[in-house]
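According to my numbering, the sequence shown holds residues 215 to 467 in order.
No residue lacks a Cβ here, since even glycine has one placed at the ideal position from N, Cα and C.
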Amino acid sequence: MTAPEAKPQAAASYRQNRFQVPPDAAELLLIRHGESEPASLAVPFPLVDGRSDPALSPEGCEQAELIATRLAAAGIDAIYVTTLRRTAETAAPLAARLGLAPGVEAALQEVGLGEWEGSVFRKMVSEHHPMAMRMWAEATFAVLPGAERSADFTARVRDAVGRLAAAHTGQRVAVFTHGGVIGEALAQASGSRPFAFVTSDNGSISRLVVSGERWIVRGFNDTAHLEPHPHPDHAKRMPPRTHGPACTRNDRP
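In structure tokens:
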């Protein structure tokens, strides 16, 4: 399928064109934070802005380094994290390599889980609690007691993505965020059912091209850099532009 941005071709033969990011668009790499610490009901996760705020696990720290290797030569112009430390810790290796100070976008923090914050959510999902099963069946977090309203979540994600894109027209931006946010952004972009994209893996990269009201999904859950034996040049696999060991820990981004 030829995109509207494809350059006109002369002569009597017409090649299939590679997608080009429109010059008035921003390319957002939506990166899910690395794996965080195991949940414990005895020692619940601390809360920030009413959201669970675990640190990265050792596995998550390794994932952060692999992400940095993957994206170090990908032409990243800016980095954003949320108010939750697992995103800041995941972004830290890439930020250090590129010499970029991450910006903080609070509106892209994880969906509010209400009374299931702390460590409760993982326990309830793991045990197939009836309310957790209802959440999956109805494709909404809002059924959980005290959880964020769906309309509010949808609005804040759309607003935040739009603002970031408008601020970085013509640029590629690494946005370290959360699984629920990635799922919501891609569902809005594609017009899919609400939970079609909520299963992104820790450390995965999804790609979203935003040009005003036009959002285009260009990739979901890319984990090539996390494979046990990645190809030697895996850092080069992130497409080029088509338009003009230890974990760094922080109590706050």
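Between the C-alpha atoms of residue 426 and residue 390 there is a straight-line separation of about 21 Å. When DSSP states are grouped into helix, strand and coil, residue 376 belongs to the helix group. Residue 413 sits exposed, since fewer than 16 C-beta atoms from the chains shown fall within 10 Å of its C-beta.
Residue 390 is bridged by DSSP to 245. Cβ-Cβ separation between residue 395 and residue 242: approximately 11 Å, too far for a contact (criterion under 8 Å). Annotation for residue 406: no beta strand (DSSP E) segment contains it, and DSSP assigns it neither H nor E. Leaving aside the five residues that flank residue 437 on each side, the residues in its chain whose CB is nearer than 6 Å to its CB run, in chain order, 415, 418. Around the beta carbon of residue 261, fewer than 16 other beta carbons sit within 10 angstroms, so the residue counts as exposed. In terms of Cβ geometry, residue 368 and residue 398 form a close pair [threshold 8 Å]. Take the alpha-carbon of residue 246 and the one of residue 305: they are about 10 Å apart. DSSP, read as helix, strand or coil, puts residue 367 in helix.
The beta carbon of residue 255 sits closer than 7 Å to the beta carbons of 333, 337 from its chain, once the five residues preceding and following it are set aside; these are given in chain order.
Rounded to whole angstroms, residue 346 and residue 406 show a C-alpha spacing of 21 Å. Cβ neighbours of residue 371 within its own chain (closer than 8 Å, five residues either side excluded): 321, 322, 395, 398, 399, 402.
Note that the C-beta distance between residue 314 and residue 281 is not below 8 Å.
Pairing residue 360 with residue 327, the inter-Cα distance amounts to about 7 Å. Look at residue 326 here: in three-state DSSP terms it is coil, with no helix or strand label. Taking the CA atoms as reference points, residue 269 sits about 6 Å from residue 299. If the five residues before and after residue 385 are omitted, its C-beta is found closer than 7 Å to the C-beta atoms of 240, 291, 292, all from its own chain and listed in chain order. Residue 284 and residue 357 have their alpha carbons spaced roughly 37 Å apart.
In this structure, residue 422 sits near residue 431, with a CB-CB distance shorter than 8 Å. By a beta-carbon distance limit of 8 Å, residue 295 contacts residue 318. Their separation comes to about 6 Å. Counting other Cβ atoms within 10 Å of its Cβ, residue 424 reaches 16 or more and is therefore classed as buried. A Cβ-Cβ distance of about 13 Å is found for the pair residue 251 and residue 277, leaving them out of contact under the 8 Å criterion.
Unbroken beta strand (DSSP E) runs of no fewer than 3 residues, entirely contained in the segment 273-315, are found at 292-295, following chain order.
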